[in-house]
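The structure appears below as structure tokens.
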Amino acid sequence: MSRRTILSGAGAAASLACAGGPASAGAPAAGRQAPGVYRYKVGDFEVTALTDGVARRPVTADFVRNASVDDVKTALKDAFIDPNVLPITFTLLAVNTGSRMVVIDTGTGGRAAPTAGQALENLAAAGIDARAVDTVLISHFHPDHIGGVRAKDGALAFPNAEVVVPEAEWAFWMDDAEMSRAAEGLQKNFKLVRDVFKPMAKDVRRYKDGSEPTPGVSAIATPGHTPGHMSFRISSGSDQLIVWSDVTNHPALFVRNPGWHVVFDMDATEAEATRKRMLDMVATDRLRVAGFHFPFPAVGRIAQRNAREYAFVPENWNPAI
Ligand SMILES: [Zn+2]
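Using the numbering used here, read the sequence shown as starting at -7 and increasing by one per residue.
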């Protein structure tokens, strides 16, 4: 073996193998993500963001109703995202208020993409026992928010928790007349709402705009995405966090372009008005925002560039709380 081959990678590996030393390569790729958990404080409250995973959605002409698919793809390229496939992530929150453990929205329950349904695994990885969750607080009744109320076998995922839902969502989705009027694509959603809530209907507590569904968390009506869609203001001491659920979907598209109508918004005009009002509020007051479909860990601030332009600024990863 020449000096040259010994110094080359192949030569070095061969000589190590001959010497019976440890292999320097060949460990199998993990092929999956490590637990998706991130913690931050809101005053004295401890918030744990938990990923439920991702659904990868092909970017088709109908995804944004009032923009050309070329404009949508350009916006994705500008954000260094594959212009043909949008990763829609799901991030729920477990809020430890000191007296209660509150889970805000529940993820897909494994009912959507095979790459989603990780919430309970991540909750356990975060050291939180699902049986110790006191309150499950729901923002709206889309499948990625209520699907995880029950495990795939139908058992309650948080067996000791009180489930608390928006009054206006309940009124809309539990109305059989609304169900019969709904487009075919929505029928599945109406059915899921019934599967999830009917068996425990008498135990589900409903909350209204402006109320405090659980201590330290107040409700802000943000309709449009769904008729009774709610956001939350979590307050502890002088600190606060706005949890705005689906006021925007991916920020690279819908924070940058608040006038764009994502296909999931049920009343697009109302959703746009809500989005602009909330963007203005959090940008002006420099509030932290958690968005269910923001990139993990799904928390940051909204910077206002000029009268109509906003950008999402993710929070810096904090290795020590
Ligand atoms: Zn959603």
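Built from N, CA and C at the ideal position, the CB exists for glycine as well. Since the structure is predicted, the reported quantities are computational estimates derived from the model, not experimental observations.
{"query": "Buried or exposed by the 16-neighbour rule on C-beta atoms within 10 Å, applied to residue 164", "result": "buried"}
{"query": "Closer than 8 Å: residue 55 CB and nearest ligand 1 heavy atom", "result": "no"}
{"query": "Beta-carbon proximity of residue 285 to residue 218, cut-off 9 Å", "result": "no"}
{"query": "Closer than 8 Å: residue 136 CB and nearest ligand 1 heavy atom", "result": "yes"}
{"query": "Residue 222 to residue 96 span [Cα, whole Å]", "result": "11 Å"}
{"query": "Extent of the continuous alpha helix (DSSP H) run through residue 172", "result": "168 to 173"}
{"query": "Cβ-Cβ distance between residue 234 and residue 280 below 9 Å", "result": "yes"}
{"query": "Extent of the continuous alpha helix (DSSP H) run through residue 276", "result": "260 to 276"}
{"query": "Local conformation of residue 65 per DSSP, three classes", "result": "helix"}
{"query": "CB of residue 46 within 9 Å of CB of residue 282, strictly", "result": "no"}
{"query": "Ligand 1 heavy atom lying under 8 Å from the CB of residue 182", "result": "no"}
{"query": "Where residue -1 falls, given that 16 or more other Cβ within 10 Å makes a residue buried", "result": "Because the pLDDT at residue -1 is just 48, under 50, the model does not fix this residue reliably, and the value given afterwards should be weighed accordingly. Residue -1 should be labelled exposed."}
{"query": "DSSP state of residue 164 mapped onto helix, strand, coil", "result": "helix"}
{"query": "Sheet register partners of residue 60 (DSSP bridge)", "result": "None; residue 60 has no bridge partner."}
{"query": "Inter-residue spacing [alpha-carbon to alpha-carbon] between residue 49 and residue 82", "result": "13 Å"}
{"query": "Proximal residues to residue 128 (C-beta, below 6 Å), its chain only, five neighbours per side dropped", "result": "95, 150, 153 and 155"}
{"query": "Alpha helix (DSSP H) segment containing residue 195, residue limits", "result": "Careful: residue 195 lies outside any alpha helix (DSSP H) and carries neither H nor E."}
{"query": "Limits of the beta strand (DSSP E) - the one that residue 155 falls within", "result": "154 to 158"}
{"query": "Cα-Cα separation between residue 267 and residue 132, rounded to whole angstroms", "result": "16 Å"}
{"query": "Residue 89 vs residue 140 beta-carbon contact at 9 Å", "result": "no"}
{"query": "Buried or exposed by the 16-neighbour rule on C-beta atoms within 10 Å, applied to residue 254", "result": "buried"}
{"query": "Exposed unless 16 or more other CB atoms sit within 10 angstroms - verdict on residue 54", "result": "exposed"}
{"query": "Range covered by the alpha helix (DSSP H) that runs through residue 136", "result": "135 to 138"}
{"query": "Separation of residue 204 from residue 210, as counted between CA atoms", "result": "4 Å"}
{"query": "Residue 257: CB within 8 Å of a non-hydrogen atom of ligand 1", "result": "no"}
{"query": "For residue 113, the three-state DSSP class (helix, strand or coil)", "result": "helix"}
{"query": "Residue 181 (DSSP reduced to helix, strand or coil)", "result": "helix"}
{"query": "Residue 50, enclosing alpha helix (DSSP H) - first and last residue", "result": "Premise fails: residue 50 lies in the beta strand (DSSP E), 37 to 50, not in any alpha helix (DSSP H)."}
{"query": "Distance CB(residue 29)-CB(residue 52) smaller than 9 Å", "result": "no"}
{"query": "Rounded distance between the beta-carbons of residue 198 and residue 162, thought under 8 Å", "result": "5 Å"}
{"query": "Identity of the residue in 183, 60 and 120 nearest residue 85 by Cα", "result": "120"}
{"query": "Identity of the residue in 300, 167, 80 and 215 nearest residue 263 by Cα", "result": "215"}
{"query": "Straight-line gap, residue 146 to residue 256 (C-alpha atoms, nearest Å)", "result": "26 Å"}
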